[in-house]
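Trainee:
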Ligand code: URA
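Residue numbers (the working numbering): 955 to 1264.
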């Protein structure tokens, strides 16, 4: 098998097409193949991958029309940990952060960290009319203790009128450094799974429950979630997605207002204020447990189906 991740993905997409999209083989990826897939040249641009079946389409065809894996929260301190102490298997793999320009169509990330600014109440945040205003306030947010330890606020990015909104947990080290969500290893897997369902990254809006990195990637604390929630709620209100993909326990539980485990929440479509919400495992957890990719893929495919049916 080739070592080029793009060839690998092309080959999986081709298999998917040949199988009439009834079966995706991501669950059969070995840990080594998954690692190869996720390892990318540091300076390489984000791959624009087109499965063979789509290469024959008219260029104007909707790219989202391309087609595309019971664990609970991990027992380790935080399943989305990307930069903590080395663990077994995929944790040892070196995967570089994608460099270069922001995804086309997205708001550029802040060039330098900002000092916390004045306190803005949840009510004021909720009354802001546009995402740029919410972002501006968030970038100087002093609403919780993470304002003292963060490098960058990671507000979120993507298509501001996206049909699909991706909600993760909190920035990790790479995101804290860059100011952009999901740019580390978990982000690479996220891109792959989204792409497999016909959701290229530039078409979706991606953000997190917490906009600032918890030190050592520890779990978000309840006071931090509640301090940060006004931003997320406002992002959802303004983006008006047709489907929300909640990756991981914190995203799913926060938006659904429940403490039910992600293992029990996933596998069906929920509702967040009338918007279909599909919960699934966090991609960082999948990096430790490649077999879980299958469930994530099924859940993302469910989101695809929700969108196609609406
Ligand atoms: N994990 C998350 O939940 N969000 C990120 O942006 C990166 C890693």
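For every residue, glycine included, the Cβ atom is placed at its ideal position computed from N, Cα and C.
1) Have a look at the DSSP bridge pairing and note the partners of residue 1195.
2) What does the alpha-carbon distance come out to for the pair residue 1127 and residue 1244?
3) Please check the pair residue 1116 and residue 1193, which I expect to be a contact at CB under 8 angstroms, by giving their CB distance rounded to whole angstroms.
4) Go ahead and label residue 1138 buried or exposed: buried means 16 or more other beta carbons lie within 10 angstroms of its beta carbon, across all protein chains shown.
5) Evaluate contact between the stretch 1178-1196 and the stretch 1079-1096, counting only Cβ atoms and requiring at least three cross-stretch pairs below 8 angstroms.
6) When the distance is taken between beta carbons, is residue 1201 closer than 8 angstroms to residue 1234?
7) Mapping the DSSP letters down to three states, classify residue 1173 as helix, strand or coil.
8) Round the Cβ separation of residue 1111 and residue 1131 to the nearest angstrom and send it over; I've been treating them as touching at under 8 angstroms.
9) Give me whichever residues DSSP pairs with residue 1224 in a beta bridge.
10) Apart from the five residues on each side of it in sequence, which residues of its chain come closer than 8 angstroms, Cβ to Cβ, to residue 1261?
11) Please name the residue, chosen from 1172, 1165, 1246, that lies closest to residue 1180 on a Cα-to-Cα basis.
12) DSSP beta-bridge partners for residue 1111?
13) Consult DSSP for residue 1072 and reduce its assignment to one of helix, strand or coil.
14) CB residue 1251 to CB residue 1147, shorter than 8 angstroms?
15) What do you reckon, are the CB atoms on residue 1219 and residue 1209 nearer than 8 angstroms?
16) What is the rounded straight-line gap between the Cα of residue 1114 and the Cα of residue 1162?
17) Give the secondary structure of residue 1214 by DSSP, where H, G and I count as helix, E and B as strand, and everything else as coil.
18) Out of 1096, 1081, 1080, 1087, which has the shortest C-alpha to C-alpha gap to residue 1070?
19) Which term fits residue 1206, buried or exposed, when burial requires 16 or more other beta carbons within 10 angstroms of its beta carbon?
20) Please say whether residue 1254 and residue 1151 have beta carbons closer to each other than 8 angstroms?
21) Sorry if obvious, but does the Cβ on residue 1230 come closer than 7 angstroms to a heavy atom of the ligand URA?
22) Quick one: what does DSSP say residue 1137 is sitting in, helix, strand or coil?
23) I need the DSSP call for residue 1200, collapsed to helix, strand or coil.
24) Could you tell me whether any non-hydrogen atom of the ligand URA is closer than 7 angstroms to the CB of residue 1092?
25) Determine which residues share a DSSP beta bridge with residue 1122 and list them.
26) For residue 1143, I'd like the list of residues in its chain whose CB is within less than 7 angstroms of its CB, leaving aside the five on either flank, ordered along the chain.
27) Comparing the CB of residue 1243 with every heavy atom of the ligand URA, is any distance shorter than 7 angstroms?
Mentor: So, from the data block:
1) The count along the chain shown starts at 1 and reaches residue 1195 at position 241. None; residue 1195 has no bridge partner.
2) Reading the chain shown from its first residue, position 173 is the one you call residue 1127. Reading the chain shown from its first residue, position 290 is the one you call residue 1244. Rounded to whole angstroms, residue 1127 to residue 1244 spans 22 angstroms at the Cα level.
3) The residue given as residue 1116 occupies position 162 in the chain shown. The residue given as residue 1193 occupies position 239 in the chain shown. The Cβ separation is near 6 angstroms, so the contact holds.
4) Taking the first residue of the chain shown as 1, we reach residue 1138 at position 184. Label assigned to residue 1138: buried.
5) yes
6) Numbered from its first residue, the chain shown carries residue 1234 at position 280. Numbered from its first residue, the chain shown carries residue 1201 at position 247. Cβ atoms of residue 1234 and residue 1201: closer than 8 angstroms.
7) Numbered from its first residue, the chain shown carries residue 1173 at position 219. Three-state DSSP puts residue 1173 in coil, outside helix and strand.
8) In the chain shown, counting from the first residue as 1, residue 1111 sits at position 157. In the chain shown, counting from the first residue as 1, residue 1131 sits at position 177. Rounded, the Cβ-Cβ distance is 15 angstroms, inconsistent with contact.
9) Along the chain shown, one-based indexing puts residue 1224 at 270. Answer by DSSP bridge pairing, in chain order: 1231.
10) As a first step, residue 1261 is located in the chain shown; it is residue number 307 there, counting from the start. If we look at residue 1261 and ignore the five residues flanking it on each side, its Cβ neighbours are 1018, 1117, 1118, 1196, 1197.
11) Indexing the chain shown from 1 puts residue 1180 at position 226. Ranking 1172, 1165, 1246 by Cα distance to residue 1180 puts 1165 first.
12) The residue you call residue 1111 lines up with position 157 of the chain shown. In DSSP, residue 1111 forms a bridge with 1160.
13) Taking the chain shown and counting its residues from 1, one reaches residue 1072 at position 118. If DSSP states are grouped into helix, strand and coil, residue 1072 belongs with coil.
14) The sequence position of residue 1251 within the chain shown is 297, counting from 1. The sequence position of residue 1147 within the chain shown is 193, counting from 1. Cβ distance < 8 angstroms, so residue 1251 and residue 1147 count as in contact.
15) Indexing the chain shown from 1 puts residue 1219 at position 265. Indexing the chain shown from 1 puts residue 1209 at position 255. No.
16) Mapped onto the chain shown, residue 1114 falls at position 160. Mapped onto the chain shown, residue 1162 falls at position 208. Approximately 15 angstroms, taken between the alpha carbons.
17) Taking the first residue of the chain shown as 1, we reach residue 1214 at position 260. Three-state result, residue 1214: coil.
18) Stepping through the chain shown from its first residue, residue 1070 is reached at position 116. Comparing Cα-Cα distances from residue 1070 to each of 1096, 1081, 1080, 1087, the minimum goes to 1096.
19) If you number the chain shown from 1, residue 1206 lands on position 252. Result: buried.
20) Numbered from 1 along the chain shown, position 197 holds the residue referred to as residue 1151. Numbered from 1 along the chain shown, position 300 holds the residue referred to as residue 1254. In this structure, residue 1254 lies closer than 8 angstroms to residue 1151 by Cβ.
21) Here residue 1230 is taken as the residue at index 276 of the chain shown, counted from 1. Not so, every heavy atom of the ligand URA lies at least 7 angstroms from the Cβ.
22) Taking the first residue of the chain shown as position 1, residue 1137 is located at position 183. If DSSP states are grouped into helix, strand and coil, residue 1137 belongs with coil.
23) Taking the first residue of the chain shown as 1, we reach residue 1200 at position 246. Of the three classes helix, strand and coil, the one that applies to residue 1200 here is strand, per DSSP.
24) To locate residue 1092, count along the chain shown from 1; it is residue 138. No; taking the cut-off as 7 angstroms, the Cβ of residue 1092 has no heavy atom of the ligand URA nearer than that.
25) Stepping through the chain shown from its first residue, residue 1122 is reached at position 168. Residue 1122 is bridged to 1162.
26) The count along the chain shown starts at 1 and reaches residue 1143 at position 189. Contacts found: 992, 1237, 1240, 1241.
27) Walking along the chain shown from the start, residue 1243 turns up at place 289. Outside the cutoff, so no.
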